[in-house]
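Following: one structure in structure tokens, then a few remarks.
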Amino acid sequence: MNKKNKVSTAKIPKILKENKFSPFAIEIVKKLKQSGFQGYLVGGCVRDSLVGIKAKDFDVSTNATPEEVRKIFRSSRIIGKRFRLVHVYSRNELIEVSTFRAHASKEDNSSGIVKDSEGKILRDNVWGTIEEDCIRRDFSINALYFDPIDNQLCDFHNGLQHIQKKILVSIGDPLIRFEEDPVRSLRAIRFSSKLNFKISNDVKEAIYQKGHLLGNISNARMFDEFCKIFLSKNALNNFNKLDSFGVLRYLVNSSDYKENSFSLRFQKAALINTDNRLKASKSVTPGFLIAALLWPRLLNASKEKGALNLRKFFRSMDRIIREQQALTAVPRKFHGYIKDIWSLQLKLETRLGHQPYKILNHPRFRAAYDFLLLREEAAGDLQGMGNWWTQFQKVNRPGKISLLKSLRESRSSPVEKKFGFLEELS
Ligand code: ATP
Ligand code: MG
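Letter 212 of the sequence shown, counting from 1, is numbered 211 in numbering that gives the first Met the number 0, and no numbers are missing.
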């Protein structure tokens with residue numbers, strides 16, 4: 000190994016030594032080393048620990064092949080085709096152990112690496128040394144290898160310095176690296192928000208120039224990235240950055256709204272709401288966020304003469320989900336959920352007869368009510384609908400009867416024929 004890149008024990012930041020890495024991950028490194036192989040904690044867990052964030056998952060990297068790793072750990076399984084690695088299990092933890100890989104250069108036509116005509120890597124299973132493994136990682140801060148047994152940190156691309164300088168630097172020319180894997184541009188944006196790091200100029204330029212290649216990525220992978228980007232406590236920040244780099248449209252099929260329009264205010268209210276829920280350790284679901292991000296599109300599709308056309312509304316729902324599906328593979332289980340939230344918006348508005356009692360028991364009531372509050376927040380006021388529902392949940396039976404009575408009295412006709420509100424439909 001190149002000595003100058005191997006940071007000596009003395010220089011290892013204290014924060015790394017003190018960090019509580021998963022004992023199971025450390026045990027795996029230990030066993031690999033006892034079996035005569037190299038073993039390191041690598042990637043996100045080392046990076047996050049150095050920035051002072053509690054790492055959420057732990058990856059191990061080794062020079063043992065997947066078959067060799069499989070033999071060392073009884074509870075393990077080889078997975079993946081494009082990228083073969085080993086899952087090692089304990090009772091409540093799963094650690095990914097990957098074998099050092101060699102970087103695929105453009106001219107490379109060795110059997111383990113397969114690329115498509117645009118340079119995208121389709122299969123990547125050529126084993127290599129730690130130095131080679133390092134070169135194929137995306138950013139210097141993600142290419143730090145820590146051996147917690149012998150307390151050694153391997154840093155071949157100044158990752159430590161870049162962490163201290165709070166800057167995201169690509170390993171190799173980002174124009175080529177983003178061609179190989181366009182998702183790296185989304186990762187750059189995500190890490191810069193998560194860590195509050197600057198993005199180096201050449202990486203910025205590569206996002207602008209190569210962002211369009213995101214259109215070739217499978218919708219399944221894009222859905223994974225969608226979740227990482229928007230269910231991350233940094234949803235709003237990521238949304239704004241994605242927009243300014245011109246790549247938001249590869250993740251959300253409802254963008255490009257005018258500054259300060261209802262549509263944009265509503266989308267942002269939903270993103271802030273998601274961030275706040277995560278910060279308060281409340282549950283979030285991609286279904287709710289997708290319903291919100293696509294709501295402006297649904298309203299636009301249902302608009303007729305300044306009002307909401309019900310037939311268009313119900314007809315457009317499936318199409319709009321399908322169109323989003325082409326970008327990010329929204330799992331089927333969310334389709335019904337999204338449509339329920341949307342259709343309940345109409346029922347929350349009409350509140351006819353005994354319907355409000357039934358709606359309270361609807362399994363999606365809570366989500367639909369939260370959704371309504373966000374609409375109201377963005378629109379300024381939806382004729383006090385949010386407040387009405389807040390009251391209706393709180394009061395006892397006589398209180399509910401009286402709320403319904405005053406609602407009936409305030410209406411000119413028993414059945415409101417117009418849905419939607421001026422601000423939302425403008
Ligand atoms: P987080 O888990 O917080 O999203 P992470 O850095 O751990 O961040 P993973 O997707 O878990 O990200 O990947 C683990 C490591 O694998 C990364 O740190 C990086 O070194 C490498 N890696 C992951 N995806 C890519 C990619 N698309 N291109 C190059 N290297 C990658
Ligand atoms: Mg990770």
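From the three backbone atoms N, C-alpha and C, an ideal C-beta is built for every residue, glycine too.
Remember, predicted model here, so these are calculated numbers, not experimental data.
Check: Pair within 8 Å by beta-carbon distance, N62 and F36; Outcome: yes
Check: R407 classed as buried or exposed, judged by whether at least 16 other C-beta atoms fall within 10 angstroms; Outcome: exposed
Check: 6 Å CB neighbourhood of K165 in its chain, flanking five on each side removed; Outcome: F196
Check: Whole-Å CB distance - F138 paired with S97, under 8 Å assumed; Outcome: That belief does not hold up - the Cβ atoms of F138 and S97 are roughly 17 Å apart, past 8 Å.
Check: Cβ neighbours of I228 in the same chain (closer than 6 Å, five flanking residues each side left out); Outcome: R189, N237
Check: Endpoints, alpha helix (DSSP H) assigned at F312; Outcome: 309-326
Check: F370: first and last residue of the uninterrupted alpha helix (DSSP H) it sits in; Outcome: 364-378
Check: Inter-residue CB distance, F57 and A24 (contact presumed, cutoff 8 Å); Outcome: 4 Å
Check: The stretch 145-158 touching the stretch 172-179, judged by at least three CB pairs closer than 8 Å; Outcome: no
Check: 8 Å Cβ cutoff met for A328 and T273; Outcome: no
Check: Reduced DSSP secondary structure (H/G/I, E/B, other) of R410; Outcome: coil
Check: Under the three-state DSSP convention, the category K53 falls into; Outcome: coil
Check: For D172, the nearest candidate out of R264, H156, D201, Q163 (CA to CA); Outcome: D201
Check: Any non-hydrogen atom of the ligand MG within 7 Å of D58 CB; Outcome: yes
Check: Residues bridged to G38 [DSSP beta-bridge criterion]; Outcome: T61
Check: For L381 and A300, the rounded distance between their alpha carbons; Outcome: 20 Å
Check: The ligand MG heavy atom lying under 7 Å from the CB of G42; Outcome: yes
Check: Whether L347 touches L371 by CB criterion (8 Å); Outcome: yes
Check: Classification of N141 by the beta-carbon crowding that lies within 10 angstroms, buried from 16 upward; Outcome: buried
Check: Rounded Cβ spacing between I198 and L167 (contact assumed at less than 8 Å); Outcome: 5 Å
Check: Rounded distance between the beta-carbons of A187 and F261, thought under 8 Å; Outcome: The Cβ separation is near 31 Å, so there is no contact.
Check: Inter-residue Cα distance where the pair is W294 and E423; Outcome: 10 Å
Check: Beta-carbon spacing of A205, S192 below 8 Å; Outcome: no
Check: Spatial neighbours of V283 in its chain, beta-carbon cut-off 8 Å, leaving aside the 5 residues before and after; Outcome: L230, T273, R276, L277
Check: Check: D137 C-beta below 7 Å from any heavy atom of the ligand ATP; Outcome: yes
Check: Closer than 7 Å: V246 CB and nearest the ligand ATP heavy atom; Outcome: no
Check: Which of helix, strand or coil DSSP assigns to H156; Outcome: coil
Check: Within 8 Å, strictly: CB atoms of Q266 and L292; Outcome: yes
Check: Unbroken beta strand (DSSP E) run spanning I78, endpoints; Outcome: 75-78
Check: Endpoints, beta strand (DSSP E) assigned at S254; Outcome: That residue, S254, is in no beta strand (DSSP E); it is neither H nor E in DSSP.
Check: Sub-8 Å separation of V182 and R136 beta-carbons; Outcome: no
Check: Counted within 10 angstroms of its Cβ, other Cβ atoms place M0 as buried (16 or more) or exposed; Outcome: With a pLDDT of only 47 at M0, under the threshold of 50, the placement of this residue in the model should not be trusted; the figure read from the coordinates follows. Under this definition M0 is an exposed residue.
Check: Beta-carbon proximity check, A269 vs L288, cutoff 8 Å; Outcome: yes
Check: Which of helix, strand or coil DSSP assigns to Q151; Outcome: strand
Check: Which of helix, strand or coil DSSP assigns to F72; Outcome: coil
Check: Start and end residues, alpha helix (DSSP H) containing T349; Outcome: 332-349
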